[in-house]
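Asks: First, the structure itself, so that you have it in front of you.
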Amino acid sequence: MDIEILSYLLIIIAVIISLLSRWYINHTYKKYANMYCENGVNGAEAARRILNKNGLENSKVNSVGGFLTDHYNPADKTVNLSEKIYTEKSIASVAIAAHECGHAIQDKDGYFFLRARHAMVPVTNIASYAGYLAIVIGVAASLFNIIMIGIACEIVIFLFQVVTLPVEFNASRRGLNQIKELGLLGEAEYKGGRKVLIAAALTYVAAATAALLQVLRLILIFARRRD
Numbered sequence: 001m002d003i004e005i006l007s008y009l010l011i012i013i014a015v016i017i018s019l020l021s022r023w024y025i026n027h028t029y030k031k032y033a034n035m036y037c038e039n040g041v042n043g044a045e046a047a048r049r050i051l052n053k054n055g056l057e058n059s060k061v062n063s064v065g066g067f068l069t070d071h072y073n074p075a076d077k078t079v080n081l082s083e084k085i086y087t088e089k090s091i092a093s094v095a096i097a098a099h100e101c102g103h104a105i106q107d108k109d110g111y112f113f114l115r116a117r118h119a120m121v122p123v124t125n126i127a128s129y130a131g132y133l134a135i136v137i138g139v140a141a142s143l144f145n146i147i148m149i150g151i152a153c154e155i156v157i158f159l160f161q162v163v164t165l166p167v168e169f170n171a172s173r174r175g176l177n178q179i180k181e182l183g184l185l186g187e188a189e190y191k192g193g194r195k196v197l198i199a200a201a202l203t204y205v206a207a208a209t210a211a212l213l214q215v216l217r218l219i220l221i222f223a224r225r226r227d
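So this is what it looks like as structure tokens:
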């Protein structure tokens, strides 16, 4: 197969994987966002209970704008939940809130991969901009050393995605354990919450796969230019 055709094929595969993962998380979230939990706990209340149980009484639970913008901020030790997750009393809200609290517990425990990911953020941010610029300049001017810099930057982005995988899977496991221990969801509801978090985790798998395909595509471009 021609290298150029193969490189375009890799782009198409990466886009399809990304779109499918986004569709799946949105589909799964909407399903369980419309199923309200029996105990009437919303995301904010679930998060507060989990944090208190784990000695994190000083960690705040905030409401932030956007759709599924939920995240844990290790800089100020806050659990930040999107408005619907924060307020709604659904299976999805409890599951996602528990997942973000899983990150807070990781931080408290000094979880290695969380610290590694946090340390990689500045370098990855630089690589995301410098890599694209280096590739454009390198390809346009046939400067192979510049292209190699771009490929190295893309490898950094890929490694960041790889490190992210255990962080997210471990946070989900911790969150689900907390849901069980605190009885935040019933048995049938727990299965639904687990499906939500599996769907969310697949988006990170998709991101890592897309990053790998990008690296492979750039290597093919580099090989073709060298020839």
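Residue numbers for the sequence shown follow the working numbering, beginning at 1 and rising by one.
Beta carbons: idealized from backbone N, C-alpha and C, even for Gly.
(1) Give the straight-line distance between the Cα atoms of I12 and I5, rounded to the nearest whole angstrom.
(2) For K77, which of T87, Q161 and N62 has the nearest alpha-carbon?
(3) Tell me which same chain residues have a C-beta within less than 8 angstroms of the C-beta of R49, skipping the five on either side of it?
(4) If we count the other Cβ atoms within 10 Å of its Cβ and call it buried at 16 or more, is K84 buried or exposed?
(5) Under DSSP, the alpha helix (DSSP H) around L68 begins and ends at which residues?
(6) What does a CB cutoff of less than 7 angstroms around I126 pick up in its chain, not counting 5 residues either side in sequence?
(7) Let me know the beta strand (DSSP E) ranges lying completely inside the segment 6-43, each 3 residues or longer, listed in chain order.
(8) Candidates N145, V94 and P74: which alpha carbon is nearest D38's?
(9) Applying the criterion that 16 or more other CB atoms from any shown protein chain within 10 Å of the CB defines a buried residue, is D70 buried or exposed?
(10) Between L202, E154 and F144, which has its C-alpha nearest V167's C-alpha?
(11) Excluding the five sequence neighbours on either side, which residues of its own chain have a C-beta within less than 7 angstroms of the C-beta of Y28, listed in chain order?
(12) Considering only their Cβ atoms, is the gap separating S59 from A206 smaller than 7 angstroms?
(13) Near M35, what residues of its chain come up, given a Cβ to Cβ distance below 7 angstroms and the 5 sequence neighbours on each side ignored?
(14) Check whether the Cβ atoms of A98 and V163 sit closer than 7 angstroms, and answer yes or no.
(15) Under 8 angstroms Cβ to Cβ from S82, same chain only, skipping five residues before and after it: list those, please.
(16) Return the Cβ separation of G43 and C101 in integer angstroms, given the expectation that the two are a contact with Cβ distance under 8 angstroms.
(17) Alpha carbon to alpha carbon, how far is G110 from V156?
(18) Assuming V79 contacts L51 (C-beta within less than 8 angstroms), just tell me the rounded distance between them.
(19) Starting from N73, follow its DSSP beta bridges and name the residues at the other end.
(20) Helix, strand or coil: how does DSSP classify S90 here?
(21) Let me confirm a value: A188 is counted as buried when at least 16 other C-beta atoms fall within 10 Å, else exposed. Which label applies?
(22) What residue range does the alpha helix (DSSP H) around S172 cover?
Replies: Short version:
(1) 11 angstroms
(2) N62
(3) Same-chain partners within the cutoff: V41, L182 and L184.
(4) By the 10 Å Cβ count, K84 comes out buried.
(5) Taken as a continuous stretch (DSSP letters only), L68 belongs to no alpha helix (DSSP H), as it is neither H nor E.
(6) none
(7) none
(8) Residue identity check: residue 38 is Glu in the sequence provided, not Asp. Comparing Cα-Cα distances from E38 to each of N145, V94 and P74, the minimum goes to V94.
(9) Buried, because 16 or more other Cβ atoms sit within 10 Å of the Cβ of D70.
(10) L202
(11) At residue 28 the sequence reads Thr, which differs from the Tyr that was named. Answer for T28: K195, V196 and A199, listed in chain order.
(12) no
(13) Result list for M35: S90, I91 and G192, in chain order.
(14) no
(15) S63, V64, G65, G66, F67, L68, T69 and D70
(16) Incorrect: roughly 10 angstroms between the Cβ atoms, too far for contact.
(17) 23 angstroms
(18) 7 angstroms
(19) T78
(20) Here S90 sits in strand by DSSP.
(21) Label assigned to A188: exposed.
(22) F144 to L182
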